[in-house]
Amino acid sequence: MRLHSMPPVSQDGQLGPFEHGTSIPPGLTAPASAPKKKQNIQDASKEQLMTEVEALEQRLTAQSDELRQTTLQLASAEQRERDRLARILHDDLQQLLLAAKWNLRSVKKQLRTNRPLCEELSHAIQMVDRSIEISRSLSRDLSPPALDSGLLPAIEQLVEHFQDAYGFSVRFSVDGTLPEISNALRDLLFQSIRELLFNAAKHSGQNHAELRLRERQGVIEIVVSDEGVGFDLRELGHTIAKGSGLLGISTRIRRMSGQLNIETAPGAGATFRLLVPWGSPTKETS
Ligand SMILES: Nc1ncnc2c1ncn2[C@@H]1O[C@H](COP(=O)(O)OP(=O)(O)OP(=O)(O)O)[C@@H](O)[C@H]1O
Ligand SMILES: [Mg+2]
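Residues 4 to 289, numbered by my numbering, are exactly what the sequence shown covers, in order.
Structure representation (structure tokens):
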């Protein structure tokens with residue numbers, strides 16, 4: 004019985020249960036001839052090796068799946084935190100600033116005859132107005148209201164915001180239709196697109212860029228390109244070390260089994276291509 008339950012070949016490649024001179028238990032066939040025996044050993048070794056490779060592959064798949072889930076959970080958690088900050092800005096800070104503005108206005112009305120004081124109050128009101136504007140813009144940057152409606156409406160809103168706030172125009176196009184993706188992946192892609200567009204606005208020296216999206220064979224492709232100053236790809240290490248934006252994107256995208264490809268040269272613009280598999284063998288975080 005023991006013979007049946009033991010593996011034919013041990014871990015170190017040795018033949019298992021049969022030892023020289025061991026009698027053959029009843030029910031088992033006679034030992035094979037020498038070449039046949041050798042062939043059996045080889046077959047058994049091959050089989051065991053394949054089983055081990057299979058097990059390793061399964062472990063690797065499970066681990067990369069886990070990494071994917073963690074990355075998505077992180078993106079979700081980050082977005083939730085942004086939403087929370089945006090709510091504080093919108094619900095608390097902006098209300099307080101508005102109240103301060105009404106108070107200043109009412110004091111100004113009462114001091115109509117005191118011109119120098121009225122001028123100072125007008126100046127204070129202007130500063131409060133500017134603070135309200137900044138707080139509004141910040142809360143929209145942190146948590147675009149359209150994100151709940153999906154990636155494309157959020158991008159459209161972002162593009163509009165770039166035009167209004169920075170005079171930076173983005174030509175945005177989608178080739179075909181995009182698949183339904185989890186909220187966590189949506190957040191991750193949105194954060195990456197926003198960073199790449201911010202980079203184009205900040206670093207390219209141009210006032211326009213292009214954003215293209217498409218899906219091909221289970222992979223979402225996002226391309227952000229500009230015709231600006233570009234940079235030397237041989238200096239990529241130093242370039243990436245300058246800020247946290249590109250590093251953050253490439254780390255997250257790699258964890259998703261995706262890629263960030265950069266094509267650029269000094270004076271020749273920059274093209275950032277994100278390739279992100281959107282499906283998952285297991286259920287993604289929603
Ligand atoms: N579109 C672009 N055109 C030219 N240079 C770019 C472009 N995008 C990025 N770079 C270069 O790559 C560097 C790294 O970008 P990254 O987003 O990581 O950092 P940052 O934008 O400088 O700072 P942070 O994102 O942390 O606010 C930039 O400082 C810039 O030199
Ligand atoms: Mg940046």
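Where a beta carbon is used, it is the ideal one built from N, C-alpha and C, also for glycine.
**Report entry** Boundaries (first-last residue) of the alpha helix (DSSP H) holding T180
**Finding:** Your numbering for residue 180 matches position 177 in the sequence shown. T180 -> no alpha helix (DSSP H), and no H or E assigned at all.
Requested in this report: Would you mind reading off the limits of the beta strand (DSSP E) that contains V56?
Outcome: Counting from 1 along the sequence shown, the entry for residue 56 is found at position 53. Note, V56: premise wrong, no beta strand (DSSP E); alpha helix (DSSP H) at A37 to R90.
Query raised in the report: Would a C-beta distance cut-off of 7 Å place V173 and G208 closer than the cut-off?
Result: Taking the sequence shown and counting its residues from 1, one reaches residue 173 at position 170. Taking the sequence shown and counting its residues from 1, one reaches residue 208 at position 205. Contact flag unset, no.
Query raised in the report: Using 8 Å as the Cβ pair cut-off and three pairs as the minimum, do the stretch 91–100 and the stretch 209–218 touch?
Result: no
Query raised in the report: Any idea what DSSP makes of L101, helix, strand or coil?
Result: Stepping through the sequence shown from its first residue, residue 101 is reached at position 98. Looking at L101 - three-state DSSP - the assignment turns out to be helix.
Requested in this report: Please determine, among L124, I184 and F165, the residue with the shortest C-alpha to C-alpha distance to S152.
Outcome: Your numbering for residue 152 matches position 149 in the sequence shown. Closest by alpha carbon: I184.
Report task. Flag this pair as touching only if the stretch 74–92 and the stretch 187–197 have three or more C-beta atom pairs under 8 Å; answer yes or no. Result -> yes
Query raised in the report: At a cut-off of 6 Å, is G246 close to ligand 2 when judged by its beta-carbon and the heavy atoms of the ligand?
Result: As a working note, residue 246 is residue 243 in the sequence shown. Because some heavy atom of ligand 2 lies under 6 Å away, the Cβ of G246 counts as near it: yes.
Query - A273 - DSSP class collapsed to helix/strand/coil - result: The residue labelled residue 273 in the question sits at position 270 within the sequence shown. Reduced to three states, the DSSP call for A273 is strand.
Query - Own chain partners of L141 with C-beta closer than 7 Å, once the 5 adjacent residues on each side are dropped - result: Stepping through the sequence shown from its first residue, residue 141 is reached at position 138. Taken in chain order, the residues that qualify are L92.
Query raised in the report: So does H206 have its beta carbon nearer than 6 Å to some heavy atom of ligand 1?
Result: If you number the sequence shown from 1, residue 206 lands on position 203. Yes - ligand 1 has a heavy atom lying nearer than 6 Å to the Cβ of H206.
Query raised in the report: Does at least one heavy atom of ligand 1 sit under 6 Å from the Cβ of F234?
Result: Against the sequence shown, residue 234 aligns to sequence position 231. Indeed, a heavy atom of ligand 1 lies less than 6 Å from the Cβ.
Requested in this report: Specify the secondary structure class of V162 as computed by DSSP and reduced to three states.
Outcome: Your numbering for residue 162 matches position 159 in the sequence shown. V162 falls in the helix class under three-state DSSP.
Query - Distance between E218 and G179 (C-alpha atoms, nearest Å) - result: Start at 1 with the first residue of the sequence shown, and residue 179 comes out as number 176. Start at 1 with the first residue of the sequence shown, and residue 218 comes out as number 215. Distance between the alpha carbons of G179 and E218: 8 Å.
Query raised in the report: Once you ignore the five residues that flank I265 on each side, which residues in its own chain have a CB closer than 6 Å to its CB?
Result: The count along the sequence shown starts at 1 and reaches residue 265 at position 262. So the qualifying residues of the chain are F275.
Requested in this report: Verify the contact flag: N202, CB atom, against every heavy atom of ligand 1, threshold strictly below 6 Å.
Outcome: As a first step, residue 202 must be located in the sequence shown, where it is residue number 199. Result yes, Cβ under 6 Å from ligand 1.
Query raised in the report: Where does W281 land, buried or exposed, given buried means 16+ other C-beta within 10 angstroms?
Result: Your numbering for residue 281 matches position 278 in the sequence shown. So W281 counts as buried.
**Report entry** Beta bridge counterpart(s) of D229 as assigned by DSSP
**Finding:** Within the sequence shown, numbered from 1, the residue matching residue 229 stands at position 226. Looking at the DSSP assignment, D229 forms a beta bridge with A273.
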